[in-house]
DNA sequence: CATCAGGGCCCTG
DNA sequence: CAGGGCCCTGAT
């Protein structure tokens, strides 16, 4: 809650070994994600808060390996000393969320000669997809992305963090940590609307319920097949094909999940893959057909090319892209 | 000033 | 299956 800052003074050190090859920076920082107060990145280091089994944590990942011999030093900051068993579970969870245990050898071999994808694979061998949040947290973010500008999403998340999250300090930085789903059960739609989330208030409450009541268990949902996961997600009020698509890929790591392209993505893809004027975009059907060549790695392939564009944007001005991003 | 579309989704007909 | 409405914000 606002006002009190939790100081996460206790530290525990862990070593993580992603399966080689592994490129740290493009895996641990995604420039297309909107900035939020739960994370920070600089070359070779990522800070991130995490709520795990009810405990707010501060994570500091440092790259101490190479692409061929990956190694990450992870400092876990917490209020109290953490038990060995807790840390073991945490390590497993982090390996899952950050996709460290995935072997991308086949992907690399299959597409290293692809005209567009090949050079990016060579530049960033073993780049992972990343979802530092839990499923519930990702759903909240997904709802806050809908039908608004980036700036508005940023504001709404900030207000929610201030109202329901916890402010924490670790490693000399202040961050916010996500709230537990059950916290929002005490809230009404009117109270949420007062925070200017608009009609999303209803969705927020409706997605919160099954998590707070334990009707959806993320860990067991991971073991279900993709179609069952899709049905569980789409049945949630306020969750449609766009949000489900992101989650099946980012959270459940289905590299082939690509069946929905939203209008803003369509415009960017038209320029990126067909060099066509975004104002006169290539039909979605045609885009999807183009991606067929990437088979079971469709969305992963698009992710590589997409991230490459956003990294370029950090260093150079890309006028056509700026026009399509409403900040 | 007013108007409008947006990094979707739900609901209606 | 197409299209209107939704909260708010910033662009025009």
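Residue numbers (the working numbering): 277 to 603. Don't be surprised by glycine CBs; every beta carbon is placed ideally from N, CA and C. Since the model is a prediction, treat every value here as computed from it, not as a measurement.
Alpha carbon of residue i to alpha carbon of residue j, nearest angstrom
i, j, result
"residue 533", "residue 364", "30 Å"
"residue 383", "residue 574", "10 Å"
"residue 319", "residue 374", "17 Å"
"residue 350", "residue 558", "44 Å"
"residue 328", "residue 555", "44 Å"
"residue 547", "residue 354", "45 Å"
"residue 464", "residue 417", "19 Å"
"residue 366", "residue 512", "28 Å"
"residue 544", "residue 562", "14 Å"
"residue 508", "residue 419", "16 Å"
"residue 581", "residue 434", "29 Å"
"residue 439", "residue 566", "44 Å"
"residue 602", "residue 424", "9 Å"
"residue 488", "residue 389", "47 Å"
"residue 336", "residue 403", "19 Å"
"residue 338", "residue 352", "12 Å"
Residue from the options whose Cα sits closest to the Cα of residue i
i, options, result
"residue 535", "543, 519, 430 and 550", "519"
"residue 326", "280, 442 and 521", "442"
"residue 405", "528, 549, 600 and 475", "528"
"residue 510", "523, 498 and 499", "523"
"residue 457", "490, 500, 438 and 466", "490"
"residue 280", "452, 517 and 292", "452"
"residue 569", "549, 587 and 286", "549"
"residue 385", "525, 397, 348 and 485", "397"
"residue 301", "598, 347, 362 and 389", "347"
"residue 341", "299, 308 and 376", "299"
"residue 372", "560, 590 and 530", "530"
Residue i and residue j closer than 8 Å at C-beta
i, j, result
"residue 480", "residue 461", "no"
"residue 408", "residue 315", "yes"
"residue 446", "residue 284", "yes"
"residue 310", "residue 473", "no"
"residue 401", "residue 297", "yes"
"residue 514", "residue 492", "no"
"residue 380", "residue 577", "no"
"residue 471", "residue 421", "no"
"residue 292", "residue 370", "yes"
"residue 449", "residue 323", "yes"
"residue 494", "residue 415", "no"
"residue 454", "residue 413", "yes"
"residue 444", "residue 334", "yes"
Terminal residues of the alpha helix (DSSP H) in which residue i lies
i, result
"residue 519", "517-526"
"residue 499", "494-499"
"residue 604", "The question about residue 604 has no answer here: the residues shown for the chain are numbered 277 through 603."
"residue 506", "502-510"
"residue 295", "Unbroken run through residue 295: none, as it is neither H nor E."
"residue 417", "411-421"
N- and C-terminal bounds of the beta strand (DSSP E) containing residue i
i, result
"residue 467", "Note, residue 467: premise wrong, no beta strand (DSSP E); alpha helix (DSSP H) at 465-469."
"residue 533", "No beta strand (DSSP E) holds residue 533; DSSP gives it neither H nor E."
"residue 560", "Here residue 560 belongs to no beta strand (DSSP E); instead the alpha helix (DSSP H) covers 560-567."
"residue 439", "Per DSSP, residue 439 belongs to no beta strand (DSSP E); it is in the alpha helix (DSSP H), 426-440."
"residue 476", "Per DSSP, residue 476 belongs to no beta strand (DSSP E); it is in the alpha helix (DSSP H), 476-488."
"residue 451", "449-453"
Going along the chain, which unbroken runs of the beta strand (DSSP E) with 3 or more residues stay wholly within the region 305-353?
Segments of the beta strand (DSSP E) lying fully in the region 305-353: 315-318, 321-328 and 331-339.
Contiguous alpha helix (DSSP H) assignments of at least 4 residues, all confined to the region 368-405: Along the length of the region 368-405, whole alpha helix (DSSP H) runs at least 4 residues long occupy 381-387 and 394-399, reported in chain order.
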